[in-house]
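Student: Here the sequence shown stands for residues 1049 to 1392, numbered as in my numbering.
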Amino acid sequence: MVDTQLTYSTNWPVVGHTAAISHLSRSLQHGRIRHAYLIAGPASIGKTTFARAFAMTVNCLSDHRRPCGLCRACTLIQNDNFADVKIIEADGGKLKVDQIRDLQTQLSMRPVEGRYRVVILRRFQEATTQAMDALLKTLEEPAPGVILLLTADTTDNLLPTIKSRCQSINLRLLSASLVRKTLEEQYHLKQDKAALLGQLSGGRLGWAIRAAADESMLSQRDTWLKQLEDMLGMTRVGRFAMAESLSRDKKGIAAMLELWLSYWRDVMLLSHTTVTPITNRDHDHTLRQIAIHVRIDDVLKVMTAIQRTAKYLDANVNTRLALEVLMLDMPRLRLMPAPPGASD
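1. Leaving aside the five residues before and after Ser1073 along the sequence, list all residues of the same chain whose C-beta is less than 6 Å from its C-beta, in chain order.
2. Identify whether Arg1228 lies in helix, strand or coil by the three-state DSSP scheme.
3. In chain order, what residues of the same chain have a beta carbon less than 6 Å from the beta carbon of Ser1295, not counting five sequence neighbours either side?
4. Between Cys1214 and Tyr1085, how many whole angstroms is the CB-CB distance? I'm expecting something under 8 Å.
5. Does the separation of the CB atoms of Glu1161 and Ala1138 fall below 8 Å?
6. Which of the three DSSP states, helix, strand or coil, is assigned to Ser1075?
7. Which residues in the same chain as Thr1096 place their Cβ atom closer than 8 Å to its Cβ, once the five residues preceding and following it in sequence are excluded?
8. Note the first and the last residue of the continuous alpha helix (DSSP H) segment covering Tyr1085.
9. Please state whether DSSP places Arg1213 in a helix, a strand or coil.
10. Decide yes or no for the touch test of the segment 1179 to 1191 against the segment 1146 to 1161: beta carbon pairs closer than 8 Å, at least 3 of them.
11. Count Cβ pairs between the segment 1141 to 1150 and the segment 1178 to 1186 that sit closer than 8 Å; are there 3 or more?
12. What is the DSSP secondary structure of Asp1139, counted as helix, strand or coil?
13. Any contact between the segment 1250 to 1260 and the segment 1087 to 1107? By contact I mean 3 or more CB pairs, one from each, below 8 Å.
14. Check whether the Cβ atoms of Thr1327 and Val1063 lie closer than 8 Å to each other.
15. Return the Cβ separation of Met1279 and Met1265 in integer angstroms, given the expectation that the two are a contact with Cβ distance under 8 Å.
16. I'd like the ranges of any alpha helix (DSSP H) spanning at least 4 consecutive residues and lying wholly in the segment 1146 to 1199.
17. In three-state DSSP terms, what is Val1106?
18. So Arg1336 and Leu1348 are supposed to be a Cβ contact under 8 Å. How far apart are they, rounded?
19. Would you mind sorting Val1050 into buried or exposed? The rule is 16 or more other CB atoms within 10 Å of its CB.
20. When the distance is taken between beta carbons, is Leu1305 closer than 8 Å to Thr1357?
21. Can you check which of these residues, Leu1248, Leu1221, Leu1307, is closest to Asp1330 by C-alpha distance?
22. State buried or exposed for Val1395, treating a residue as buried only when at least 16 other CB atoms are found within 10 Å of its CB.
23. Check each candidate in Thr1105, Ala1339, Ser1075, Lys1298 and name the one with the smallest Cα separation from Met1316.
24. Buried or exposed: Met1157, going by 16 or more other Cβ atoms within 10 Å of its Cβ?
25. What whole-angstrom Cβ distance do Phe1102 and Leu1197 have, given they're in contact under 8 Å?
26. Is it the case that the Cβ atoms of Leu1187 and Glu1277 are separated by a distance below 8 Å?
27. Alpha carbon to alpha carbon, what distance is there between Leu1076 and Ile1195?
28. Exposed or buried, which one is Ala1121 when buried takes at least 16 other CB atoms within 10 Å?
29. By Cβ distance, which residues of its chain are closer than 7 Å to Gly1089, with the 5 residues on each side in sequence left out?
30. How many angstroms separate the CA atom of Leu1226 from the CA atom of Glu1232?
31. Kindly indicate which residue of Phe1288, His1333, Asp1111, Asp1297 has the alpha-carbon position closest to the one of Met1375.
32. What do you get for Leu1118, buried or exposed, if any count of 16 or more other CB atoms within 10 angstroms of its CB means buried?
33. Measure the C-alpha to C-alpha separation of Ser1163 and Thr1066 and round it to an integer number of angstroms.
34. What is the DSSP secondary structure of Lys1298, counted as helix, strand or coil?
35. Name the DSSP beta bridge partners of Val1133, please?
36. With DSSP as the reference, label Val1050 as helix, strand or coil.
See the structure below:
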């Protein structure tokens, strides 16, 4: 029987994602809770924060409003110090079968101090096929009092049987204004810097928070965009040399491809003469040149190629070869430098 005196609040310690929060709060209010959820969406938009807030909500000790944010369970979960909430990270870049087997042993035990034992499996798109197969048994025969929360930047590489046994929660990019407001109010950034990072973040609050604390992220962004613009003027030989150079930084390639995708998305927006603000405003001059000289079909071809390359790299395709193929899909252009005082 559902307790009519208890209210499940939508006031989670999460920035944005109000539709997803409202949906889950309504489900909890009506006593509907699944044993597994797949929380999917672009990188750095707060999927782990969302999962942690869900764990707080189902374990909150308040008899009136959950999550209260004040009880012992809420406080410990927010600080990643609650015995029944566990976050599992990829081991050496991949979530491995041994980690899942260790998890299954733990899940056979009842919760120690909470209402539910909650496991957050981060970046599950990086799980090996063997790890996914091992998790299927847990999904098919869930232990009582256990909730699995899988987070993934993309679900393309997940086994269909994994997806079918989880309730999907799709999170979206935040607005630049919400990122800016959060940086100002919660992280006390000055207005001009918060506005810049809000726009450059592309809706990824996590990226903006890290960039605010680490100036090297902005310089790395400048380097990657300069390499992209330089590459457009290169011959095949030059592009292959750049692909070889970039392939050495395997950890940074995913972020670089996300940035390049946002750049070409800006080109598409400018080609359509839309009023939608572009992300990379500091490269406005060059973006407009490309928008004038490259057909929409070719812009879409490049964006598709970038997304395909990201999937190849997730599947452990040879990094240098994947980048070479991508660069051959890019148009060749001679770009004029920005005049003094202009963007770029």
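Each residue gets a CB set at the ideal place from its N, CA and C atoms; glycine is no exception.
Tutor: Reading it off the structure:
1. Closer than 6 Å at Cβ, skipping near neighbours: Tyr1056, Thr1058.
2. DSSP places Arg1228 in helix when its eight states are reduced to three.
3. The beta carbon of Ser1295 lies closer than 6 Å to those of Thr1367, Arg1368, Leu1371 in the same chain, with the five residues before and after it left out.
4. Separation of the CB atoms of Cys1214 and Tyr1085 is rounded to 6 Å, and the pair is thereby assigned contact status at 8 Å.
5. No, these two residues do not count as a Cβ contact at 8 Å.
6. Collapsing the DSSP output to three states places Ser1075 in a helix.
7. Correct list, in chain order: Ile1135, Ile1168, Arg1170, Thr1199.
8. Under the DSSP assignment, Tyr1085 falls outside any alpha helix (DSSP H), being part of the beta strand (DSSP E) whose first and last residues are 1084 to 1088.
9. Coil.
10. Under the 8 Å Cβ criterion, the segment 1179 to 1191 counts as touching the segment 1146 to 1161, having at least three qualifying pairs.
11. Using a C-beta cut-off of 8 Å, the segment 1141 to 1150 makes contact with the segment 1178 to 1186, since at least three inter-stretch Cβ pairs fall below that distance.
12. Correct three-state label for Asp1139: strand.
13. The answer is yes - the segment 1087 to 1107 touches the segment 1250 to 1260, with three or more Cβ pairs under 8 Å.
14. In this structure, Val1063 does not lie closer than 8 Å to Thr1327 by Cβ.
15. Going by Cβ atoms, the distance from Met1279 to Met1265 rounds to 21 Å, so no, they are not a contact pair.
16. Within the segment 1146 to 1199, the complete alpha helix (DSSP H) runs of at least 4 residues are 1177 to 1188.
17. Val1106: helix per DSSP, three-state reduction.
18. About 18 Å separates the two Cβ atoms, so there is no contact after all.
19. The predicted position of Val1050 is uncertain, since its pLDDT is 48 and thus under 50; a value taken from the coordinates is nonetheless stated next. Flag for Val1050 reads exposed.
20. Yes, these two residues count as a Cβ contact at 8 Å.
21. Comparing Cα-Cα distances from Asp1330 to each of Leu1248, Leu1221, Leu1307, the minimum goes to Leu1248.
22. Outside the shown range of the chain (1049 to 1392) lies residue 1395, about which nothing can therefore be said.
23. When Thr1105, Ala1339, Ser1075, Lys1298 are compared, the shortest CA-CA separation from Met1316 is found for Ala1339.
24. Burial call: exposed.
25. Phe1102 to Leu1197, Cβ: 6 Å. Contact.
26. Cβ distance not < 8 Å, so Leu1187 and Glu1277 don't count as in contact.
27. Using only the alpha carbons, I get a separation of about 13 Å.
28. Within 10 angstroms of the beta-carbon of Ala1121 lie 16 or more other beta-carbons, which makes it buried.
29. Here Gly1089 has Lys1095, Asn1218, Leu1219, Arg1220 as same chain residues with Cβ atoms under 7 Å from its own Cβ, once five neighbours each way along the sequence are excluded.
30. Rounded to the nearest whole angstrom, the C-alpha separation of Leu1226 and Glu1232 is 10 Å.
31. Residue Phe1288 is the option with its Cα nearest to Met1375.
32. When all chains shown are included, Leu1118 counts as exposed.
33. Note on residue identity: the sequence assigns Arg, not Ser, to residue 1163. Going by the C-alpha atoms only, they are around 25 Å apart.
34. Coil, per DSSP.
35. As computed with DSSP, Val1133 is found in a beta bridge with Val1166.
36. Legend: pLDDT at Val1050 = 48, less than 50; position of this residue unreliable, value from coordinates given subsequently. If DSSP states are grouped into helix, strand and coil, Val1050 belongs with coil.
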